[in-house]
Amino acid sequence: MTATAFDELPFLGYGIGLRRTHFDTLPAWLERFDFFEVLSENFMAFGGRPREVLRRVAAARPVVLHGVSLSIGSVDPLDESYLDALSGLIDEVKPRWFSDHLCLSSFEEVDYHDLVPLPFTEEAVAHVAERVRAVAGRAPVPFLLENPSYYIAYRDSEMSEAEFLREVVTRADCGLLLDVNNVYVNAENHGYDARAFIDALPLERVAQLHMAGHLVLPDVIIDTHGAPVVPAVMDLFRYVLERTGPVSTLLEWDHDIPPIDVMARELDAIRTAGREVLGDVAPDGVVGGEEATTWRR
Amino acid sequence: MATLREIQALVHGVLRRETALDAGALALGVRADRLGIYRGFVAQHVTGILAKLYPTVRALVGEAAWDELALAFFREVPARSWELNACAEPFAAWLDGRVGDGGLHPFLVPLAQVEWEQFAVALAPVEIPDPAGLDRLVLNPTTSALALPYPVVRFLVDRGDDVAALSPATPMPDPGDEVALLFRRHGTHHVGYHQAGDDLLFALKVVAEGVPLVAAADLARVPVARGEAALRRAVAIGLLLGPVESALG
């Protein structure tokens, strides 16, 4: 692997997404989570209780931002109102990094609120790389792109998914948020070898991992983030860590979100798998102390 | 080979249901069943957020009619915000244009306005000052006042929070002007909604105009004791913040 600036990003340990359903129960369980990922759009436009909880969490634990509406692959101009709101949240929360998906989520100013895949073409690589540079250039913290799950393969694609991902993040000079469940889901849905896919990625740029559950239907697997992580994805996680070393790892759960104790238990299973590969590696940069103690009272 | 823009335009047509699924899939060279997954998801995001934000309207309309209504909204009102909830904001105005169609009762429009406002007030990016740190009465900065042609607040208060008890058979109220006051309470973040009766309107006037209670009572021909009680009620419910004594003059 070639060294990159993304190699030097801190290992934040094992975390979960900050979700409203856990606002009441989280304080008592805070110490079970090393860091939190904040879904940017859930907080960018809002005050009230979500913002109050976010401030407390950010004072107690490292936070990273993760978006779904940047629409980095759209041919529309970048949405300035979105970038302004995101910038405001970054200034307030001071995340270690921020991320979004390699996809489009809008066209002709209509928002889909979903992650629509891009064709794997040279034109798309150039388009996305330029826009990533523009977005990353405005922010005081690093930007990562995530490999999304996708269900359609365009006839006009010119390269493999792994080649596309490598070309985009290399030319954009951004980090890679590798969603291990997405690798599994895509490999199953599109009939490729998940380990060969991982081997073809620029792993030196991987700064964060996502783990999640999915839904198996008769002829397709849907990336639901609504179930426990399956053993095959856990195996793939170990395979990744053997090649990357310690990487901040997050359990995503967005539908049928279980209580916080179940989240802690599921995260412990991921942590155990990580320790099997890495041994005991302490997270970098966990804050806390007085603020966390105050909140727990 | 299609350009990036051409591919996105083709996908867009399918997602917005302007292009038939099979035709779009053929043009893109993708499986129609897989493309249909996205078409379903994109519509479900909008119809799902409508169901979340307008539970009372939904209950009064009934499940089958609601599903048709929500999908029609998705088709006719493209989502113009990256913030999903914001895409549901035009629902009341859109509903207004459909009153009379399919038996939609006009009460549903102001009801939808109030349901949206409950959400907007709950998450308004406004800081509420700590009343204990104030030395004069101020209006809760999250306050929203809606002039409505139906007694929506009365309807909601009378029926409590039991949306499950509502159905298309539930009687709708008769028309009647109402000013609804909604605000987020300091500390709890709970959203209160109240009918603006004479007492709360008087309390708002005292604070908005900065007039001492005695002078305001005199102008309004209200007994001072009643005016003071109005101020104390407005503070108790969280509409006004700070010490009542500062307004007593």
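So the protein sequences, as listed, match chains V and H. Under my numbering, think of the first position of the first sequence as 1, with each following residue one higher. Under my numbering, think of the first position of the second sequence as 1001, with each following residue one higher. By construction, the Cβ of each residue, glycine as well, lies at the ideal position given by its N, Cα and C atoms.
* Distance between A124/V and R1075/H (C-alpha atoms, nearest Å) -> Going by the C-alpha atoms only, they are around 29 Å apart.
* To do: Give me whichever residues DSSP pairs with L145/V in a beta bridge.
  => D100/V, L176/V.
* For A207/V, does the count of other Cβ atoms within 10 angstroms reach 16, so buried, or fall short, so exposed? -> A207/V should be labelled buried.
* Mapping DSSP to helix, strand and coil, what is F11/V? -> Three-state DSSP puts F11/V in coil, outside helix and strand.
* In chain order, what residues of the segment 1104-1115 of chain H put their CB closer than 7 Å to some CB of chain V? -> So the list is empty, because no residue satisfies the distance condition.
* When you compare only the Cα positions, how much space is there between V141/V and F46/V? -> Spanning the two alpha carbons is a distance of roughly 22 Å.
* To do: Report the three-state DSSP secondary structure of R1184/H (helix, strand or coil).
  => It is a strand residue.
* **Residue from P228/V, L209/V, N189/V whose Cα sits closest to the Cα of L177/V** => Ranking P228/V, L209/V, N189/V by Cα distance to L177/V puts L209/V first.
* Taking all protein chains shown into account, do 16 or more other C-beta atoms lie within 10 angstroms of the C-beta of G1187/H, making it buried, or fewer, making it exposed? -> G1187/H comes out exposed.
* Asked: How would you list, in chain order, the residues of chain V whose beta-carbon sits under 7 Å from the beta-carbon of E1018/H?
  -> In chain order: nothing, as chain V lies at least about 11 Å away.
* Looking at the unbroken alpha helix (DSSP H) that takes in E1115/H, where does it start and where does it end? -> Element bounds for E1115/H: 1108-1123.
* How big is the Cα-Cα spacing for A1124/H and R49/V? -> Near 10 Å, if we compare the C-alpha coordinates of R49/V and A1124/H.
* Given D254/V as reference, the closest of Y192/V, R195/V, G226/V once Cα atoms are compared -> Closest in alpha carbon position to D254/V, among Y192/V, R195/V, G226/V, is G226/V.
* Within 8 Å (strictly less), CB to CB, does D100/V reach chain H? -> Interface residue (Cβ-Cβ distance to chain H less than 8 Å): D100/V is not classified as such.
* Asked: Just reading off the alpha helix (DSSP H) that D261/V is part of, what are its end residues?
  -> From DSSP, the alpha helix (DSSP H) with D261/V extends over 260-278.
* To do: May I ask you to report which of helix, strand or coil DSSP gives A1208/H?
  => DSSP places A1208/H in the helix class (H, G or I) of the three-state scheme.
* Proximal residues, the segment 1040-1065 of chain H versus chain V, C-beta separation under 8 Å -> Going along the segment 1040-1065 of chain H in chain order, one finds F1041, V1042, H1045, V1046 with a Cβ nearer than 8 Å to chain V.
* Where E37/V sits in the DSSP three-state scheme -> Strand.
* For E1178/H, does the three-state DSSP call read helix, strand or coil? -> Strand at E1178/H.
* Asked: Which full runs of the alpha helix (DSSP H) of 4+ residues lie inside the segment 37-109 of chain V, going along the chain?
  -> Within the segment 37-109 of chain V, the complete alpha helix (DSSP H) runs of at least 4 residues are 41-44, 48-60, 80-93.
* To do: Report back the beta-carbon spacing between T1143/H and L1181/H to the nearest angstrom; my notes put them in contact at under 8 Å.
  => Taking 8 Å as the upper bound for CB-CB distance, T1143/H and L1181/H are in contact here, some 6 Å apart.
* Asked: Which same chain residues, not among the five before or five after G73/V, have their C-beta less than 6 Å away from its C-beta?
  -> By the criterion of a C-beta distance shorter than 6 Å, G73/V is surrounded in its chain by C103, L104, L118, V128, once the five residues flanking it on both sides are discounted.
* Smallest Cα separation from E108/V: which of A1093/H, V1057/H, R1080/H? -> It is R1080/H whose Cα lies nearest to the Cα of E108/V.
* To do: Taking only the alpha-carbon atoms, compute the straight-line gap between G1281/H and A1112/H and give it to the nearest angstrom.
  => The structure shown does not extend to residue 1281/H, since chain H is modelled only from 1001 to 1249, so the question has no answer here.
* Burial state of D1001/H (16 or more Cβ within 10 Å) -> The displayed chain sequence assigns Met, not Asp, to residue 1001/H. With a 10 Å radius around the Cβ and a threshold of 16 neighbouring Cβ atoms, M1001/H comes out exposed.
* Asked: Buried or exposed: G1103/H, going by 16 or more other Cβ atoms within 10 Å of its Cβ?
  -> Classification for G1103/H: exposed.
* Asked: Hey, out of H101/V, V57/V, D76/V, whose CA is closest to H66/V's CA?
  -> Nearest to H66/V by C-alpha distance, out of H101/V, V57/V, D76/V, is H101/V.
* Mind pulling the chain H residues with CB within less than 8 Å of R171/V? -> Simply none; closest approach about 15 Å.
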